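Visitor: Here it is, the structure in full.
Residue numbers (the working numbering): 11 to 167.
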């Protein structure tokens, strides 16, 4: 197969996966963002810390956690993301930076222990900083990251 055909096949398969899922729209009390998530996921909110968790109730399912912070300016938001990454033990030089509608969209992954897999996306748009992470007791699959990327690509900031 030619490389273009492989890419087209991948996109069509990805669309088919998400076409089978019904998505719902969620915006926290703060109204800082809006995000789509699968309607069969459980939503948990921590209003005090601006943290929202979307949990797949299926065995071996993923948890997707969204944290949102507003700063005085873009520089402060970027500084926060760098500090937050240090706390999650992801070094900035290891991050591939994706081009997108955001000022920064940075990804990192770690494995802690035998059953603790994490992938983070750090997002900066103007003075708004966000962290979106997925956590799973088993290896994070392409379908898991595809779902998270769909949620990020359709994120309203």
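Backbone N, C-alpha and C define an ideal beta-carbon position, used for all residues, glycine too. Computed from a predicted model, the values in this text were never measured in an experiment.
Mapping the DSSP letters down to three states, classify residue 67 as helix, strand or coil.
Guide: In the chain shown, counting from the first residue as 1, residue 67 sits at position 57. Residue state, collapsed to three classes: coil.
Visitor: Which full runs of the alpha helix (DSSP H) of 4+ residues lie inside the stretch 69-127, going along the chain?
Guide: Runs of the alpha helix (DSSP H) inside the stretch 69-127: 84-97.
Visitor: Any beta carbon of chain C sitting closer than 7 Å to that of residue 34?
Guide: Within the model displayed, chain C is absent; a lone protein chain is all it includes.
Visitor: Let me make sure I understand the geometry here. Which of 120, 95, 79 has the alpha-carbon closest to that of residue 167?
Guide: One-based indexing of the chain shown puts residue 167 at position 157. The option with the nearest alpha carbon to residue 167 is 79.
Visitor: Terminal residues of the continuous beta strand (DSSP E) containing residue 46?
Guide: As a first step, residue 46 is located in the chain shown; it is residue number 36 there, counting from the start. Unbroken beta strand (DSSP E) run through residue 46: 45-48.
Visitor: Check for me: the beta strand (DSSP E) holding residue 143 runs from which residue to which?
Guide: In the chain shown, residue 143 corresponds to position 133, counting from 1. Run containing residue 143: 138-146, per the beta strand (DSSP E) assignment.
Visitor: Does DSSP put residue 157 in a helix, a strand or coil?
Guide: Walking along the chain shown from the start, residue 157 turns up at place 147. Helix at residue 157.
Visitor: Taking the CB atoms as reference points, tell me whether residue 74 and residue 144 lie closer together than 7 Å.
Guide: Here residue 74 corresponds to residue number 64 of the chain shown, with the count starting at 1. Here residue 144 corresponds to residue number 134 of the chain shown, with the count starting at 1. Result yes, Cβ atoms of residue 74 and residue 144 sit closer than 7 Å.
Visitor: Please return the same chain residues whose Cβ sits closer than 7 Å to the Cβ of residue 33, not counting the five positions on each side in sequence.
Guide: Your numbering for residue 33 matches position 23 in the chain shown. Around residue 33: 46, 47, 48, 49.
Visitor: Who are the near neighbours of residue 27 in its chain, counting only those whose CB is closer than 6 Å to its CB and skipping five residues on each side?
Guide: Mapped onto the chain shown, residue 27 falls at position 17. Note that residue 27 scores 49 on pLDDT, short of 50, meaning its location in the model is unreliable and no value can be drawn from it.
Visitor: By a C-beta neighbour count over all protein chains shown, 10 Å radius and 16 as the cutoff for buried, is residue 129 buried or exposed?
Guide: For the purposes of this step, residue 129 is taken as the residue at position 119 of the chain shown. Buried, because 16 or more other Cβ atoms sit within 10 Å of the Cβ of residue 129.
Visitor: Candidates 58, 52, 84: which alpha carbon is nearest residue 136's?
Guide: Start at 1 with the first residue of the chain shown, and residue 136 comes out as number 126. Considering only alpha carbons, the answer is 84.
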